[in-house]
Amino acid sequence: MKKFFIFILIVVGLWTIWSSVGRTTEWKEPDGNIGVVESIANDSVCSKNIVGIQPYMVPEDYLSEGHFYEKIKLYFDQAQRAGFFKENTVVLLPEYLGTWLVISGEKTSVAETAHLNKAMTLMVLSNIPKFIRSYFNNNKEPDIFAASLFRMKAMEMAQIYSEVFKELASTYQVTVNGGSIVLPDPTINKNNIDVNVSGPLYNASFIFYPDGSIDKQPVKKSFPISSEQPFVQACPITELPIYDLSIGKTAVLVCADSWYPQAYEEIRKSGAEVILVNSYAAGDNAMDAPWKGYDGSLMPNDVDKNDIGTIKEVDAWKKYALPGRIQSTQAKVGVNVFLRGKLWDLGSDGQPFFSVNGELINTSTSAGGGIWNMCF
Numbered sequence: 001m002k003k004f005f006i007f008i009l010i011v012v013g014l015w016t017i018w019s020s021v022g023r024t025t026e027w028k029e030p031d032g033n034i035g036v037v038e039s040i041a042n043d044s045v046c047s048k049n050i051v052g053i054q055p056y057m058v059p060e061d062y063l064s065e066g067h068f069y070e071k072i073k074l075y076f077d078q079a080q081r082a083g084f085f086k087e088n089t090v091v092l093l094p095e096y097l098g099t100w101l102v103i104s105g106e107k108t109s110v111a112e113t114a115h116l117n118k119a120m121t122l123m124v125l126s127n128i129p130k131f132i133r134s135y136f137n138n139n140k141e142p143d144i145f146a147a148s149l150f151r152m153k154a155m156e157m158a159q160i161y162s163e164v165f166k167e168l169a170s171t172y173q174v175t176v177n178g179g180s181i182v183l184p185d186p187t188i189n190k191n192n193i194d195v196n197v198s199g200p201l202y203n204a205s206f207i208f209y210p211d212g213s214i215d216k217q218p219v220k221k222s223f224p225i226s227s228e229q230p231f232v233q234a235c236p237i238t239e240l241p242i243y244d245l246s247i248g249k250t251a252v253l254v255c256a257d258s259w260y261p262q263a264y265e266e267i268r269k270s271g272a273e274v275i276l277v278n279s280y281a282a283g284d285n286a287m288d289a290p291w292k293g294y295d296g297s298l299m300p301n302d303v304d305k306n307d308i309g310t311i312k313e314v315d316a317w318k319k320y321a322l323p324g325r326i327q328s329t330q331a332k333v334g335v336n337v338f339l340r341g342k343l344w345d346l347g348s349d350g351q352p353f354f355s356v357n358g359e360l361i362n363t364s365t366s367a368g369g370g371i372w373n374m375c376f
C-alpha cells in the first residue's frame with residue numbers, strides 16, 4: 001500500500017510539472033496578412049462610416065491577452081493610418097473572433113498542434129481538476145466535452161475580450177462591434193462581462209463605445225448551426241436588441257441569423273436603419289462549393305429548393321442572407337464580415353458584403369486579412 005501511494009505521488013508530481021511547463025510564450029510580432037485596405041462607396045461628406053475588418057487569425061494570437069490585443073490593434077492601426085476613423089465610425093468584426101480565447105494561458109503545444117481535437121484534448125489533460133469541476137457543472141448539453149471546456153475558461157475569456165475591446169474603442173475613439181464569443185449566460189455588470197458558468201452557452205456579440213463602456217444588451221445567436229447545437233443555446237429572435245449608434249439605429253445579427261426571415265421581421269418592426277453581420281464560414285474554398293441548403297433550422301418557405309446543390313455557397317449567401325434579405329426591411333445599409341485564418345484544421349472562407357440601398361457594392365478580395373471602409 002505504501003508503494004502504491006508513493007507511485008501516486010510521483011504520478012501527480014510529474015503531471016503537475018508537465019501541465020505547468022510550456023505556458024510561457026515567446027513574444028513574436030503579429031502578422032496581419034493584410035491583402036486589402038480599401039475605401040468604397042464614398043460620399044463627399046462621409047458623415048457616417050463603417051469599417052469592416054476581416055482579421056486573419058492563427059492559434060498563437062489567442063495564447064494571452066497581450067497576443068490578442070496586439071493582433072487586433074494591428075488592424076486598427078492600419079485603419080487609422082488610412083484615415084478611416086472619423087467622428088461617427090463603427091468598426092465591425094467577425095463571428096467567433098473571441099471564441100478561440102478558450103486557449104488563452106494554455107500550453108504552447110495547444111496552439112502548435114495541427115488538429116483542433118488534439119488541441120482540445122491537450123487542454124483537458126493539462127487542466128484535469130478544473131475540467132472535472134466544469135464537467136459536473138454542466139447544463140446537460142449533448143457535447144459535454146466542448147461545453148465543459150468553454151465553461152472552464154469562460155471568466156478568463158470574457159475578461160480578455162472585454163478589456164481588449166474597451167481599450168481599442170477608447171484609444172481610437174470609435175464604436176466597436178467586437179465580433180462574437182461563446183460564453184455561458186453573459187451579462188453586463190459594472191462595465192464588465194459577467195458569466196454564469198452554470199448557465200447555457202450562447203454565441204454572443206457585444207458593442208463597445210468610445211468612452212470605454214459596453215452596451216448592456218449583448219446579441220445572442222438565435223439560429224445556431226448543427227455543429228454548434230450540441231453545446232450552444234438558441235436565443236429567441238424576439239429578443240434581438242437594437243442599438244442607437246452614431247450611424248443610426250442598428251441591428252447586429254450573428255452569422256446564420258442573417259439567413260432567416262424572422263430576423264428581418266424583427267428589424268423591420270424596430271425601424272433599424274443599419275444591419276451588421278458577424279460571420280465565419282468553415283472550410284477552405286467553402287464559398288465555391290455547391291450550396292448544401294440550410295443548416296440547423298428549418299428552411300424558410302421562400303427558399304427555392306432547386307438551388308440546393310445547383311448554385312454555389314457564395315451565391316446562396318447573396319440570395320438568402322444579408323444581401324438578398326435586407327430589402328425586406330427599411331434598412332438602407334448592411335455590412336457582413338468574415339473571420340479568416342489558419343485555425344488548426346478548420347479552414348476558412350468568405351469575403352465581406354457591403355449593401356447600400358439594396359445594391360451590393362463591389363469590393364477587392366483578400367484571402368488573408370483586409371480592411372474596408374464604407375462612407376454613407
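Everything in the sequence shown is counted per my numbering, starting at 1 for the first residue and increasing by one.
Beta carbons are placed, not taken as given, at the ideal position from N, Cα and C, and that holds for glycine.
All values derive from a computational prediction rather than experimental measurement.
Beta-carbon contacts of Asn-357 that lie in its chain and below 7 Å, excluding the five residues immediately before and after
Around Asn-357: Lys-332.
Among Lys-28, Ser-39, Glu-26, Ile-34, whose alpha-carbon lies nearest the alpha-carbon of Phe-376?
Ser-39
Assuming the contact rule is C-beta atoms closer than 8 Å, Pro-218 and Ala-204 should be a hit. Round their C-beta distance to whole Å, please.
5 Å
Do you know offhand how far Gly-370's Cα is from Leu-93's?
11 Å
My guess is that Asn-88 and Ser-126 are in contact by the Cβ rule of under 8 Å, so how many angstroms apart are they, rounded?
The pair is not a contact, with the Cβ atoms about 46 Å apart (cut-off 8 Å).
Where Leu-14 falls, given that 16 or more other Cβ within 10 Å makes a residue buried
At Leu-14, the pLDDT of 43 sits below 50, so the modelled position is not reliable; the number obtained from the coordinates is stated separately. The residue is exposed, with fewer than 16 neighbouring Cβ atoms inside 10 Å.
In terms of alpha-carbon separation, which member of Arg-133, Tyr-135, Ala-158, Val-102 lies closest to Met-120?
Of the candidates Arg-133, Tyr-135, Ala-158, Val-102, the one whose C-alpha sits nearest the C-alpha of Met-120 is Val-102.
Taking the alpha-carbon positions, what's the Asp-215 to Phe-208 distance?
6 Å
Terminal residues of the continuous beta strand (DSSP E) containing Ile-207?
201 to 208
Out of Lys-140, Ser-227, Lys-166, Asn-306, point me to the one whose CA is closest to Pro-184's CA.
Lys-140
Return helix, strand or coil for Ile-144, following the three-state DSSP convention.
In this structure, Ile-144 counts as helix in the three-state DSSP scheme.
Between the beta-carbon of Ser-270 and the beta-carbon of Ala-256, is there less than 8 Å?
Contact: no.
C-beta contact flag for Pro-261 and Arg-340 at 8 Å:
no
With 16 other CB atoms within 10 Å as the buried threshold, where does Ser-366 fall?
buried
Label Phe-7 either buried or exposed according to how many other C-beta atoms from any shown protein chain fall within 10 Å of its C-beta, with 16 as the threshold for buried.
Any reading at Phe-7 must be qualified, since the residue scores a pLDDT of 41, below 50, and its modelled position is unreliable; no value is offered.
In whole angstroms, what separates the C-alpha of Ala-114 from that of Phe-68?
20 Å
Would Arg-81 be called buried (16 or more neighbouring beta carbons within 10 Å of its own) or exposed?
exposed
Could you spell out where the alpha helix (DSSP H) holding Asn-117 opens and where it closes?
For Asn-117, the enclosing alpha helix (DSSP H) begins and ends at 116 to 125.
Span separating the alpha-carbon of Pro-30 from that of Ala-169
20 Å
Less than 8 Å between the C-beta atoms of Gly-83 and Met-157, yes or no?
no
Can you tell which of Gln-159, Asp-194, Asn-362 has the C-alpha that lies nearest to the C-alpha of Glu-65?
Gln-159
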